[in-house]
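Worksheet: the structure to be examined is printed underneath.
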Amino acid sequence: MSDLAFITGTRKGIGKAIAEHLLSQGWIVAGCSRRNNDLQHENYYHFNCDVSDEAAVIKTIKTVKKSLQPIKVLINNAGTASMNHLLLTPLNSYQDIFQTNVQGTFLMLRETAKQMSRTGGGRIINFTSIANPLNLEGEAIYAASKAAVESLTKTAAKELAEMNITVNAIGPTPVETDLIKLIPKEKIDSLVKQQSIQRLGTLEDILNAVDFFIKPQSDFITGQILYLGGVN
Amino acid sequence: MSIERHTLVNLLQTILRELGEDLGKDSLLKTDEKTPLFGSRSELDSMNLVNFITEIEERLSDDYNIDITLANSSAMSRTRSPFLRVGSCIDYIIELIDKQNDE
């Protein structure tokens, strides 16, 4: 029987691409988003779930196990961003970003790891961003939320290692997704210039990193933050 | 959603017995409601306690369709931890189930 991967934020962009990629490799994929998803595949199961809602996360993760099978891979992709000068950043932007990016990652990780601890372990991949190491102007709160995700990743890796669970994070460069649509071209160009490899990322770059962290031979790799594009 | 107290006692004893077998600790093979779960008199270290609590949550969900989260802020802020002994842990589980039924 194929293993099951759970991916948050599968309605569009990177999450949807990862779901389609794993489905094409024969995985069973369960995914969630706040709204309905148009992804149609015989091995795809969608859950409407806000990752920052504790009760909804608990219910979703338990339902996946009971109605489908235990989760082998969790990909915490759901995220939100907002570009603003720090002095013009409303408190509710801060709250929204931290609730989805940090609280959502934490809740999904906690509930799934409980399950994985009883089913022989698993792989957890979180999503960070190069906004953190590059200290990108205009992204203070987003970068701070990703710094929190990185810290959570490293500590979770230590605490969950003895349960045979690895926890790593991928930090993509800007990719053509909805998240960067509203960012001025000059801003993206100047950001790309800070990378060792100066181009926009592609979905394939991210899928390659996902494949690396979930392949069986990667069971000795945990607590790592993998930035793409040569950022460090 | 309900469960008899004696069923909970059996469940916690089973989990402790399995832990005892895994850890090679005979004192966990035969426990009762007074058995300490943490502190200097407990046979469980902090990681064993984490596994024990997780195991209770998962088995209540899988075997009895009871979905509760034991490690919540109400448990952590009490002056007397509900995880002090098997008996206090069972009291706390029943309290959480009753609370969920009232909601």
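If you read the protein sequences in the order shown, they are chains A and B.
Position 78, counted from 1, in the first sequence is what this note's numbering calls 78; the numbers after and before it change by one each time, with no gaps.
Position 61, counted from 1, in the second sequence is what this note's numbering calls 1061; the numbers after and before it change by one each time, with no gaps.
Cβ coordinates follow ideal geometry from the N, Cα and C atoms, glycine included.
Check	Outcome
Local conformation of B/Cys1089 per DSSP, three classes	helix
B/Glu1057: contacting residues in chain A (beta-carbon distance under 9 Å)	Lys114
One or two residues paired with B/Thr1007 in a DSSP bridge	Answer by DSSP bridge pairing: none, since B/Thr1007 is not bridged.
Where A/Asn77 falls: helix, strand or coil (DSSP)	coil
Through-space distance from A/Leu107 to B/Glu1018, alpha-carbon basis	28 Å
Cβ-Cβ distance between B/Pro1036 and B/Arg1085 below 8 Å	yes
Which of helix, strand or coil DSSP assigns to A/Ser33	strand
Any C-beta of chain B under 8 Å from that of A/Arg118	yes
Bridge partner(s) assigned by DSSP for A/Ala148	In the DSSP output, where bridge partners are listed per residue, A/Ala148 has none listed.
Chain A within 8 Å of B/Asn1051, Cβ atoms only	yes
Exposure of A/Ala131, with buried meaning 16 or more beta-carbon neighbours within 10 Å	buried
Residues bridged to A/Phe127 [DSSP beta-bridge criterion]	A/Ile170
Selection of the segment 1056 to 1082 of chain B by Cβ proximity to chain A, strictly under 7 Å	Glu1057, Glu1058, Ser1061, Asp1067, Thr1069
Chain A contact for B/Thr1054 (CB, 8 Å cutoff)	yes
A/Gly120 and A/Ala78 closer than 8 Å at C-beta	no
Supposed contact pair A/Ile180 and A/Ile188 - C-beta distance, whole angstroms, cut 8 Å	7 Å
Nearest residue (CA-CA) to A/Arg35, options A/Gly138, A/Asn126, A/Asp50	A/Asp50
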